[in-house]
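Numbering (the working numbering), first residue to last: 18 to 181.
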Amino acid sequence: MKHSVVALTVNGAERQVLVAPGTTLLDALRESQGLTGTRRGCDQGACGACTVLVDGKTMMSCLLPVETIDGATIDTIEGLTPMEGLHPIQEAFLEGFATQCGFCTSGMIMATAGLLARNPDPSREDAVRAISGNICRCTGYEAIIDAVLDAAARMRAAKRDKAA
Ligand code: FES
Ligand code: FES
């Protein structure tokens with residue numbers, strides 16, 4: 018089988034990734050980039066645990082052959098976390114008890130990041146829709162939806178403070 022080299026910008030860094038045919042973005046992130054914050058749940062596009070941003074859009078990385086996204090920009094949970102402290106979305110999830118076992122959390126947070134990048138002031142319905150592809154076995158979802166809205170409020174406040 019012929020391998021190919023795919024150019025990706027991962028969390029702001031340019032990478033050349035050598036991949037076998039059919040390698041998914043999830044495999045490339047976890048296995049060749051060591052970015053295991055992106056979870057492998059079902060590996061079939063059904064649980065959302067593997068959610069990342071591809072060119073700013075929320076995608077399930079387990080479904081995406083990496084050869085088809087040569088030149089793409091990828092954002093994962095590792096890139097969201099600042100060097101010190103937490104991102105406002107992470108703070109909102111933590112303080113709102115929106116994580117229990119944590120297996121779904123990086124996917125939920127990246128789905129939230131995708132939503133807030135396109136809609137900084139989402140309604141509750143928008144939040145529900147944004148995480149509708151993400152399964153959580155633990156929380157019952159209400160705390161997660163509250164955290165999405167809290168994260169939006171925190172990010173709007175941070176933007177206002179910065180502009181002041
Ligand atoms: S691991 Fe990708 S959707 Fe479940
Ligand atoms: S916190 Fe356990 S699956 Fe969501």
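The C-beta atom is built at its ideal place from N, Cα and C for all residues, glycine as well.
What is the residue span of the alpha helix (DSSP H) that residue i lies within?
i      : result
ASP92  : Taken as a continuous stretch (DSSP letters only), ASP92 belongs to no alpha helix (DSSP H), being part of the beta strand (DSSP E) at 90–92.
GLN107 : 105–112
ALA115 : Careful: ALA115 lies outside any alpha helix (DSSP H) and carries neither H nor E.
For a quick check, are the C-beta atoms of residue i and residue j less than 8 Å apart?
i      : j      : result
CYS153 : MET125 : yes
ALA66  : PHE120 : yes
ALA128 : ALA147 : yes
GLY54  : THR90  : no
THR75  : GLY131 : yes
LEU81  : THR41  : yes
ASP138 : ALA169 : yes
Provide the residue span of the beta strand (DSSP E) that contains residue i, from first to last.
i      : result
SER123 : From DSSP, SER123 is part of no beta strand (DSSP E) but of the alpha helix (DSSP H) over 122–135.
For residue i, count the other beta carbons within 10 Å of its own beta carbon; 16 or more makes it buried, fewer makes it exposed. Which is it?
i      : result
VAL23  : buried
SER140 : exposed
HIS104 : buried
So residue i packs on residue j, CB below 8 Å; how close in whole Å?
i      : j      : result
GLY113 : ALA164 : 4 Å
Excluding sequence positions up to five away, which residues of its chain have a Cβ less than 7 Å from the Cβ of residue i?
i      : result
THR122 : PHE110, THR116
LEU43  : THR55, ARG57, CYS67, SER78, CYS79
So, for residue i: in the same chain, excluding its five sequence neighbours on each side, which residues have a beta-carbon less than 8 Å away from its beta-carbon?
i     : result
SER49 : VAL34, LEU35, VAL36
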